[in-house]
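Data block below; observations after.
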Amino acid sequence: MPLPLARTARLPSQRSLGLGLLFAPSSPLPGRHTPSKHTTFTPPILRTHSFTPPSSPARTFSSSAPLTMAPIIDNRPIVISGPSGSGKSTMLKRLFDEYPSRFGFSVSHTTRAPRGGEENGREYHFVTKEEFLDLVEKKGFVEHAQFGGNHYGTSIKAVEDIAAQGRVCILDIEMEGVKQVANHPTFQKPRFLFLSPPSKEVLEERLRGRGTDKEEAILKRLRQAEVEMEFAKSPEAPHEKIIVNDDLDRAYKEVKEFIVGTDA
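Residue numbering for the sequence shown follows the UniProt record's numbering, starting at 1 and increasing by one per position.
Spelled out as structure tokens, the structure:
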């Protein structure tokens, strides 16, 4: 069955400032804006021996086996977090490639002006500061933050829009966004996954290997990574599972099993 997903943009880009970014998986995974991409469905009892599984609409299976209850699929939103360099983008890219119609990233709100080529409702929902703060007051965001004088956030409606498409919404957000989502008074409790690098030393190698950040930015990311990794291990952290990305294929297998299930 198609499920909904949302990746919160990352810093002024498009994940979630720790907050949820969400787009359609048919296009390449967008950038993130570092701060940080519901309805409940209960599969019916199968009444015939021929059916089309929700996750594979193009294929039809038949069986002479006794009637059984279709597996209950957890379609709650999934929050995936972890330090920059932990491999979240790589994991989600593989997941979306393998299940192109099953997950989705929500479209975040922002008060910044559109940049060249950006369209309202595609990269972001571009709103005024007054509109944004009004939605904050109404508890309409599952998480939000302010960066560089602009506000970014993932609205409850953006997540629900993904669910309405029959997809599981995936929120790729940082620590502060995770805390907001976990403590939201009305938002359906998502499932929380933390992706961790093997060590600070390995993370530093990865960040330096990119060759895209200045020394100051690398040191800042490393300090933040230590804070996030400590939080993930603390009693107040909402994470249901921590996966150490020391081997890409093995880690992806664990990520997929957590999100999709062992029978996928």
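Glycine included, each C-beta is placed from N, C-alpha and C at the ideal position.
Please read these numbers as outputs of a predicted model, since none were measured by experiment.
Expected contact under 8 Å - CB spacing of residue i and residue j to nearest Å
i      : j      : result
Gln188 : Arg76  : 6 Å
Arg122 : Arg167 : No, Arg122 and Arg167 are not in contact; Cβ-Cβ is about 16 Å, not under 8 Å.
Lys139 : Pro190 : Actually they are not in contact, since the Cβ atoms of Lys139 and Pro190 sit about 16 Å apart, beyond 8 Å.
Ser86  : Asn245 : 6 Å
C-beta atoms of residue i and residue j nearer than 9 Å
i      : j      : result
Ile162 : Glu143 : no
Val107 : Ala158 : yes
Lys88  : Leu195 : yes
Phe231 : Gln180 : no
Leu193 : Ile156 : no
Tyr124 : Thr110 : yes
Leu135 : Gly153 : yes
Whole-angstrom distance between residue j and residue i, CA atom to CA atom
i      : j      : result
Glu176 : Met229 : 13 Å
Arg15  : Leu171 : Reliability fails at Arg15, whose pLDDT of 43 lies under 50, so the model's placement of it is uncertain and the value that follows must be treated cautiously. Each residue's alpha carbon lies about 8 Å from the other.
Pro213 : Lys200 : Note on residue identity: the sequence assigns Asp, not Pro, to residue 213. Near 17 Å, if we compare the C-alpha coordinates of Lys200 and Asp213.
Val178 : Ser81  : 8 Å
Asp249 : Val227 : 26 Å
Gly104 : Leu133 : 26 Å
Thr262 : Glu160 : 26 Å
Leu92  : Pro198 : 19 Å
Pro238 : Ala182 : 7 Å
His151 : Ala113 : 11 Å
Ala225 : Phe258 : 23 Å
Thr90  : Ala217 : 21 Å
Glu118 : Val260 : 32 Å
Lys256 : Gly209 : 26 Å
Ala251 : Glu240 : 15 Å
Ser234 : Glu254 : 21 Å
Ser27  : Phe96  : Any reading at Ser27 is ruled out, since the residue's pLDDT is 42, under 50, leaving its predicted position unreliable.
Asp247 : Glu137 : 43 Å
Glu215 : Ala164 : 44 Å
Phe147 : Glu236 : 25 Å
Val127 : Asn120 : 9 Å
Glu131 : Ala145 : 15 Å
Residue i at chain D interface by Cβ criterion, 9 Å
i      : result
Glu137 : Looking at the structure shown, chain D is missing, and only one protein chain is on hand.
Element boundaries [beta strand (DSSP E), containing residue i]
i      : result
Phe192 : Arg191 to Ser196
Gln146 : Phe141 to Phe147
Met168 : Residue 168 is actually Val in this sequence, not Met. Run containing Val168: Val168 to Asp172, per the beta strand (DSSP E) assignment.
Val79  : Ile78 to Ser81
First through last residue of the alpha helix (DSSP H) which encompasses residue i
i      : result
Asp249 : Leu248 to Ile259
Ile156 : Ile156 to Ala164
Gln224 : Glu215 to Lys233
Ser89  : Lys88 to Glu98
Lys179 : Met175 to Ala182
Val244 : Here Val244 belongs to no alpha helix (DSSP H); instead the beta strand (DSSP E) covers Lys241 to Val244.
Q. Should the stretch 217 to 236 be regarded as contacting the stretch 189 to 207, the criterion being three or more beta carbon pairs within less than 8 Å?
A. yes
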